[in-house]
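2 protein chains.
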Amino acid sequence: MASADKLSQRQADILDYIKDFVRQHGYSPSIRDIQTNLKISSTSVVAYNLKALQEKGRLDREGKISRGIRLAEEAFNLLPMGYQVPLLGTITAGSPLLMPEDTSTQDRDMVDVPADMAESIKKLDDVYALRVRGQSMIDALIDDGDIVLLRYQTTAENGQMVAARLMEDDSVTLKKFYHEGARVRLQPANSTMDPIYTTHDNVQIQGRVVGVIRMLV
Amino acid sequence: MASADKLSQRQADILDYIKDFVRQHGYSPSIRDIQTNLKISSTSVVAYNLKALQEKGRLDREGKISRGIRLAEEAFNLLPMGYQVPLLGTITAGSPLLMPEDTSTQDRDMVDVPADMAESIKKLDDVYALRVRGQSMIDALIDDGDIVLLRYQTTAENGQMVAARLMEDDSVTLKKFYHEGARVRLQPANSTMDPIYTTHDNVQIQGRVVGVIRMLV
DNA sequence: CTCTTGACAGCACAAGTGTTTGATAGGTAT
DNA sequence: ATACCTATCAAACACTTGTGCTGTCAAGAG
Chain Y
23 MASADKLSQR QADILDYIKD FVRQHGYSPS IRDIQTNLKI SSTSVVAYNL
73 KALQEKGRLD REGKISRGIR LAEEAFNLLP MGYQVPLLGT ITAGSPLLMP
123 EDTSTQDRDM VDVPADMAES IKKLDDVYAL RVRGQSMIDA LIDDGDIVLL
173 RYQTTAENGQ MVAARLMEDD SVTLKKFYHE GARVRLQPAN STMDPIYTTH
223 DNVQIQGRVV GVIRMLV
Chain A
23 MASADKLSQR QADILDYIKD FVRQHGYSPS IRDIQTNLKI SSTSVVAYNL
73 KALQEKGRLD REGKISRGIR LAEEAFNLLP MGYQVPLLGT ITAGSPLLMP
123 EDTSTQDRDM VDVPADMAES IKKLDDVYAL RVRGQSMIDA LIDDGDIVLL
173 RYQTTAENGQ MVAARLMEDD SVTLKKFYHE GARVRLQPAN STMDPIYTTH
223 DNVQIQGRVV GVIRMLV
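Going down the list, the protein sequences come from chains Y and A.
Position in the first sequence (from 1) plus 22 gives the number in the working numbering.
Position in the second sequence (from 1) plus 22 gives the number in the working numbering.
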């Protein structure tokens with residue numbers, strides 16, 4: 023892979039400088055900025071090494087454009103512009119959930135998703151977030167104030183943690199889901215709690231938990 | 023607040039265009055880019071409105087610098103440049119932790135932190151991450167495979183969740199910390215478990231939990 | 001009616017910047 | 001030694017791009 027190519031000391035310096043510069047200023051340095059700060063005698067040397075860095079896949083440039091340097095990693099990081107999923111509401115035992123159907127991505131609370139999590143989740147399209155209210159989910163290792171990420175789906179496989187709605191008493195809880203012949207077992211994640219057994223008819227799956235984010239301040 | 027100032031149609035257009043441009047290219051447009059694409063008759067009009075936008079706090083510029091426009095929000099978003107903290111290792115009951123002292127930011131696993139979490143944590147410098155191994159922390163609502171974010175500190179206030187090392191048996195666990203006169207109470211987050219009482223001497227705090235990230239795939 | 005102000009035009013200038021060309025020095029293969 | 005390649009220099013060149021006037025025009029203010 024190209025990015026495995028080794029860099030000369032000067033190239034490494036330049037790359038570092040660019041990173042720092044972007045971090046500090048929010049835009050790329052000019053060739054002369056690099057030249058001056060790295061005490062390189064000529065702009066052409068910078069251009070030369072910039073070209074090398076480009077060929078090694080460490081950065082992107084668009085010819086002739088001022089300050090048009092883009093860090094390769096950044097390019098990746100910038101376009102999707104922070105992975106976000108809609109925060110559709112709050113889940114509390116007892117209150118039914120909204121479906122993530124309205125496509126009005128506007129003026130809705132959004133939750134940032136860590137890049138590596140977003141990567142493993144892949145398609146973020148049908149992922150939404152819910153803020154957990156109350157201690158009622160504590161048995162699923164989810165505390166008051168946590169944010170759960172759910173992928174919208176109406177079916178589940180054995181052992182998956184899902185947001186399940188019990189039609190009977192119209193409550194929504196997070197449980198592990200198990201088919202067991204004609205019946206369904208909803209298993210809390212804590213051994214001190216007993217599972218709920220019910221029928222397929224009585225259960226409506228509203229999404230599968232794919233992540234949990236907890237912020238303690 | 024300045025950002026509450028209303029924008030003229032043209033200013034809104036310009037701001038939108040800049041946003042799109044940055045998203046697409048990774049660097050700011052030049053005044054002439056804006057002029058051409060928005061079919062504005064003169065560069066001075068763009069400069070005029072840019073100045074207005076600047077005074078309204080919607081963007082930042084550094085004079086005379088090509089493509090030096092920075093979006094106010096973005097500026098905030100860009101500088102920390104992908105929030106990451108080092109993943110220093112694995113925490114298992116029984117094994118002591120490493121201190122986050124080595125400054126070699128190189129070749130170490132990094133963990134992405136959601137932007138909104140990073141914001142509330144503020145300084146990320148002394149924050150590190152640990153992967154939780156084993157079910158031993160389940161009582162602190164933390165499961166096998168979770169990633170906990172800790173701020174490195176050696177003291178804690180009442181009620182804070184900390185990584186506490188018991189010198190006595192050289193084990194590290196996550197517990198809520200309480201001063202109680204001469205002794206220390208380490209309280210699991212689960213009511214079915216009893217707290218540990220010990221002396222200050224026997225406890226070494228290795229960091230305070232500021233976040234939990236769980237990825238289920 | 002005149003003066004002022006906000007918003008826009010046009011145009012030219014002067015930096016700001018990327019590129020190019022030519023030359024030099026060290027290393028290596030022929 | 002000759003040829004060739006890489007990494008550097010230096011200086012000039014030419015395009016890019018922000019700024020600085022000088023006006024124009026409509027809406028208010030006096």
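Cβ atoms here follow ideal geometry from the backbone N, Cα and C, with glycine treated the same way.
- Task: Please list, in chain order, all residues of the same chain as Y/M139 whose beta carbon is under 6 Å from its beta carbon, the five residues on each side excluded.
- Result: Leaving aside the five residues that flank Y/M139 on each side, the residues in its chain whose CB is nearer than 6 Å to its CB run, in chain order, G233.
- With distances taken from CA atoms, which of A/S88, A/P51, A/L163 is nearest A/V154? Residue A/L163 is the option with its Cα nearest to A/V154.
- Query: Could one say the Cβ of A/Y39 lies closer than 8 Å to chain Y's Cβ atoms, at least one of them?
  - Reply: Residue contact check for A/Y39 against chain Y: no CB pair falls below 8 Å.
- Task: Ignore the nearest five residues each way along the sequence and tell me which others in Y/Q76's own chain have a CB closer than 8 Å to its CB.
- Result: Cβ neighbours of Y/Q76 within its own chain (closer than 8 Å, five residues either side excluded): D82, R83.
- Those runs of the beta strand (DSSP E) which lie wholly inside the stretch 150-200 of chain A and span at least 3 residues: Within the stretch 150-200 of chain A, complete beta strand (DSSP E) segments of at least 3 residues are found at 169-173, 183-188, given in chain order.
- Chain-ordered chain A contacts of Y/S50 [CB-CB under 7 Å]: Going along chain A in sequence order, the residues near Y/S50 (Cβ under 7 Å) are Y49.
- Item | A/D134: contacting residues in chain Y (beta-carbon distance under 8 Å) | Those within 8 Å of A/D134 in chain Y are P136, A137, D138, M139.
- Any idea what DSSP makes of Y/R89, helix, strand or coil? The three-state secondary structure of Y/R89, taken from DSSP, is coil.
- How would you call Y/D168, buried or exposed, if buried means at least 16 neighbouring beta carbons within 10 angstroms? Burial is judged here by how many other beta carbons sit within 10 angstroms of a residue's own beta carbon; Y/D168 has at least 16 and is buried.
- Task: Classify Y/M189 as buried or exposed, calling it buried when 16 or more other Cβ atoms lie within 10 Å of its own Cβ.
- Result: In this structure Y/M189 is exposed. Its beta-carbon is surrounded by fewer than 16 other beta-carbon atoms within 10 angstroms.
- Boundaries (first-last residue) of the alpha helix (DSSP H) holding Y/L37: Its alpha helix (DSSP H) spans residues 31-47.
- Contact check, A/I235 vs Y/P108 under 8 Å by CB: the rounded distance? No, A/I235 and Y/P108 are not in contact; Cβ-Cβ is about 19 Å, not under 8 Å.
- Task: Below 8 Å on the Cβ atoms is my guess for Y/N59 versus Y/R32; work out the distance and round it to an integer in Å.
- Result: That pair is no contact at about 13 Å.
- Query: Would you report the Cα separation of Y/K73 and Y/S66, rounded to the nearest angstrom?
  - Reply: C-alpha of Y/K73 to C-alpha of Y/S66: approximately 10 Å in a straight line.
- Task: Note down, in chain order, every chain A residue with its Cβ under 7 Å from the Cβ of Y/G111.
- Result: Chain A residues near Y/G111: none, gap ~17 Å exceeds 7 Å.
- Message: Checking 8 Å against the spacing of the C-beta atoms, do A/A186 and A/T195 come in under that value?
- Response: For A/A186 and A/T195, yes; Cβs fall inside 8 Å.
- Message: The beta strand (DSSP E) that contains Y/R310, what's its start and end?
- Response: Since the first residue of chain Y shown is 23 and the last is 239, residue 310 of chain Y is not available in this structure.
- Is DSSP giving Y/N99 helix, strand or coil here? Confidence at Y/N99 is low in this model, with a pLDDT of 47, below 50, so its placement is unreliable and the value that follows should be read with caution. Three-state result, Y/N99: helix.
- What residues from the stretch 82-94 of chain Y come within 9 Å of chain A, judged by C-beta to C-beta, listed N to C? Against chain A - using a Cβ distance shorter than 9 Å - the residues of the stretch 82-94 of chain Y are D82, E84, I87, S88, R89, G90, I91, R92, L93.
- Item | Y/V135 (DSSP reduced to helix, strand or coil) | Looking at Y/V135 - three-state DSSP - the assignment turns out to be coil, as it is neither helix nor strand.
- Task: Check whether the Cβ of Y/M189 lies closer than 8 Å to any Cβ atom in chain A.
- Result: For Y/M189, not one C-beta of chain A is nearer than 8 Å to its own C-beta.
- Item | CA-to-CA distance, Y/V184 to A/L238, given in whole angstroms | One C-alpha to the other measures close to 11 Å.
- Buried versus exposed, by CB contacts within 10 Å (16 or more), A/D147: The Cβ neighbour count for A/D147, taken over all protein chains shown within 10 Å, is under 16; the residue is labelled exposed.
- Residue range of the unbroken alpha helix (DSSP H) whose run includes A/L75: Looking at the DSSP string, the run of the alpha helix (DSSP H) that includes A/L75 is 65-77.
- Does the beta carbon of A/R231 come closer than 8 Å to any beta carbon on chain Y? The residue you asked about is not Arg; residue 231 of chain A is Val in the sequence shown. Among the CB atoms of chain Y, one or more fall inside 8 Å of the CB of A/V231.
- Can you grab the Cα-Cα spacing for the pair Y/A34 / Y/V170, in whole Å? Going from the Cα of Y/A34 to the Cα of Y/V170 covers about 40 Å.
- Could you name the residues of the same chain whose beta carbon sits closer than 7 Å to that of A/K28, not counting the 5 residues immediately before and after it, in chain order? Once the five neighbours on either side are set aside, A/K28 has no close Cβ partner at all.
- Taking DSSP as the reference, what is the three-state secondary structure of Y/R54? Under the three-state reduction of DSSP output, Y/R54 falls in the helix class.
- Return the Cβ separation of A/P51 and A/I62 in integer angstroms, given the expectation that the two are a contact with Cβ distance under 8 Å. That belief does not hold up - the Cβ atoms of A/P51 and A/I62 are roughly 12 Å apart, past 8 Å.
- According to DSSP, residues forming a beta bridge with Y/P108: DSSP lists Y/M132 as the beta-bridge partner residues of Y/P108.
- Distance, A/P210 Cα to Y/G229 Cα: Computed Cα separation, rounded: 30 Å.
- Query: In or out: A/G181 buried (at least 16 other Cβ within 10 Å) or exposed?
  - Reply: Residue environment analysis places A/G181 among the exposed positions, since fewer than 16 neighbouring C-beta atoms fall within 10 angstroms of its C-beta.
- Query: Rounded to a whole number of angstroms, what is the C-alpha to C-alpha distance between A/D165 and A/T112?
  - Reply: A/D165 and A/T112 have their C-alpha atoms roughly 13 Å apart.
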